[in-house]
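The block underneath contains the structure these notes are about, expressed in C-alpha cells.
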Amino acid sequence: MTSLSNTLPAGAEANRFAPAPAAVGGDVPDYFALLKPRVMVLVIFTALVGMVVSHGHVPPTIAAISLLMIAVGAGASGCLNMWWDADIDAVMTRTAKRPIPDGRIQPNEALAFGLTLSVGSVLILGLASNWLAAGLLAFTIVFYAVIYSMWLKRATPQNIVIGGAAGALPPVIGQAVISGSVGIESIVLFLIIFIWTPPHFWALALVKAGEYAKAGIPMMPNVAGPQSTRRQIVYYTLLLAPLGLAPVALGFGGLLYAIVGLLGGLGMLAFSVQVFRNREGEAEKRAAMGMFAFSILYLFLLFSALLAEQGLGLFRPVIV
28 MTSLSNTLPA GAEANRFAPA PAAVGGDVPD YFALLKPRVM VLVIFTALVG MVVSHGHVPP
88 TIAAISLLMI AVGAGASGCL NMWWDADIDA VMTRTAKRPI PDGRIQPNEA LAFGLTLSVG
148 SVLILGLASN WLAAGLLAFT IVFYAVIYSM WLKRATPQNI VIGGAAGALP PVIGQAVISG
208 SVGIESIVLF LIIFIWTPPH FWALALVKAG EYAKAGIPMM PNVAGPQSTR RQIVYYTLLL
268 APLGLAPVAL GFGGLLYAIV GLLGGLGMLA FSVQVFRNRE GEAEKRAAMG MFAFSILYLF
328 LLFSALLAEQ GLGLFRPVIV
C-alpha cells in the first residue's frame with residue numbers, strides 16, 4: 028500500500044485538519060456544495076428507477092421521504108469525502124475552490140455536518156420505510172466515506188473499480204424501499220452502473236492525469252500508463268454494451284429501452300475506440316472528454332427509458 032506521506036506534496040498530511048484561514052461558519056450554498064449536488068441528482072435518479080422497476084407498492088409520501096433520505100445519505104457521504112480529501116482537493120485545480128480548501132467552511136464543521144446527516148438519513152429511512160433499505164444506505168455511506176475515500180483512493184489504481192460499488196447501490200436501495208427485498212432488477216441496474224464507472228471516470232483521468240499525480244493519487248493512467256488505461260476502457264465498454272441490454276432479456280426492459288440500449292452501447296464502443304486510437308495532444312483530449320460526456324448521456328438515457336416504460340406506462344415488449 029502506498030503511504031500517504033509518499034504520495035502527497037510536502038506538508039499536506041500535516042495540514043489535513045489545520046483550520047482554513049476563514050471565519051467559522053459558511054453560508055447555506057457552501058454547505059449545499061459539500062453534498063456534491065451533481066452526484067446527488069444522479070443518486071436520486073437511479074434510486075427512483077430502482078423504485079419503479081420494483082414489484083410492490085408504498086404510499087407516495089413514504090416513497091418521497093425515502094427518496095429524500097437516500098439523497099441526503101448520498102450527500103452526507105460526499106461531505107465526509109470532502110472533509111477527508113481537503114488536503115488533496117487544495118492542490119488540484121478542479122477541486123481547489125471547494126468550500127473546505129477555499130476556507131469557507133472549517134473541517135470540523137464539515138465533519139459534524141456529514142456525520143449528522145449520515146445518522147439522520149439512515150434512522151429516518153429505517154423508520155419511514157424498512158431497515159433493509161436503511162442498512163443498505165448505511166453500508167453505502169461507510170463504503171464511500173471510509174473504504175473508498177480513506178483507503179482505496181490513495182492506495183490502489185483500482186480505486187474507481189472497487190469504489191464504484193457505492194455509486195451503483197442507489198437502485199438497490201430504491202427497490203428495497205418498495206419491495207422490502209433485493210431483486211434481479213436492481214442487481215442488474217447495480218451491475219450496469221458498476222461496469223459503467225471505470226470507463227466513464229478513466230476517460231476523465233486521462234485528461235487530468237497530471238493533477239492526480241500532483242495530488243499523489245494513484246489513478247490508473249499514472250500507475251499503469253495511458254495506453255493500458257485506454258485498453259481497459261475498451262475492455263470495460265465491451266462488457267457494458269451487452270450488459271446494458273440485460274433488462275430486455277430479463278423482461279423488464281421494453282422496445283424503447285432496447286433501442287436506447289443498443290444505440291447507446293454502440294456509441295460507447297465507438298467512443299472507446301476513439302480514445303484508444305487518439306493518443307497525443309488535443310486529439311487525445313477531445314476523444315477522452317467526448318467519451319466522458321457521452322457516457323453521462325448514455326447512462327441518463329438508459330435509465331430514462333426504464334423510467335418512461337415502467338413509470339409512465341410506455342412499456343412495449345420486444346418481439347423476438
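This note's numbering puts the first residue of the sequence shown at 28, with every later residue one more than the last. Where a beta carbon is used, it is the ideal one built from N, C-alpha and C, also for glycine. Quick caveat, the model's predicted, so the values are computed rather than measured.
Distance, Leu152 Cα to Arg313 Cα: Cα to Cα, the separation comes out at about 42 Å.
Cβ separation of Ile97 and Ile205, assumed to be a contact under 8 Å, to the nearest whole Å: Not quite, the Cβ-Cβ distance comes to about 12 Å (not below 8 Å), so this is no contact.
Where Asn157 sits in the DSSP three-state scheme: coil
Outcome for Ala50 when other beta-carbon atoms lying within 10 angstroms are tallied against a minimum of 16: Low confidence applies here, because Ala50 scores a pLDDT of 46, under 50, leaving its location unreliable and the question unanswered by this model.
Limits of the unbroken alpha helix (DSSP H) element including Thr224: Ile211 to Val234
Three or more C-beta pairs below 8 Å linking the stretch 126 to 140 and the stretch 156 to 167: no
Per-residue DSSP class, three states only, for Gln133: It is coil, neither helix nor strand.
Cβ contact (3+ pairs, closer than 8 Å) linking the stretch 236 to 256 and the stretch 286 to 295: no
For Val118, the three-state DSSP class (helix, strand or coil): coil
The stretch 178 to 185 / the stretch 235 to 245 touching (three or more Cβ pairs under 8 Å): Touching, yes.
Host alpha helix (DSSP H) of Met318 (start-end): Gly308 to Leu333 is the extent of the alpha helix (DSSP H) around Met318.
Residue environment, Glu238, which counts as buried when at least 16 other CB atoms sit within 10 Å: buried
Limits of the alpha helix (DSSP H) - the one that Thr73 falls within: Pro64 to Val79
Which listed residue (Gln202, Met177 and Ala172) has its alpha carbon closest to that of Val85: Nearest C-alpha to Val85: Gln202.
Beta-carbon proximity check, Ser156 vs Ile89, cutoff 9 Å: yes
Option nearest Val275 by Cα separation, candidates Leu266, Ile286 and Leu339: Ile286
Alpha-carbon to alpha-carbon, Ile219 and Leu270: 6 Å
C-beta atoms of Ala172 and Leu107 nearer than 9 Å: yes
Beta-carbon gap between Leu69 and Ala103 smaller than 9 Å: no
Close Cβ partners of Pro48 (< 8 Å) along its chain, the five nearest in sequence each way excluded: Confidence is the limiting factor: at Pro48 the pLDDT is only 49, short of 50, which leaves the residue's position unreliable, though a coordinate-based value still follows. Cβ neighbours of Pro48 beyond the five flanking positions: Gly130.
Cα-Cα separation, Gly278 to Ala320: Their Cα atoms are separated by approximately 29 Å.
Opening and closing residue of the alpha helix (DSSP H) in which Gly102 lies: Pro87 to Trp111
Residue closest to Ile92, alpha-carbon to alpha-carbon, out of Ser148, Val234, Tyr263 and Leu267: Ser148
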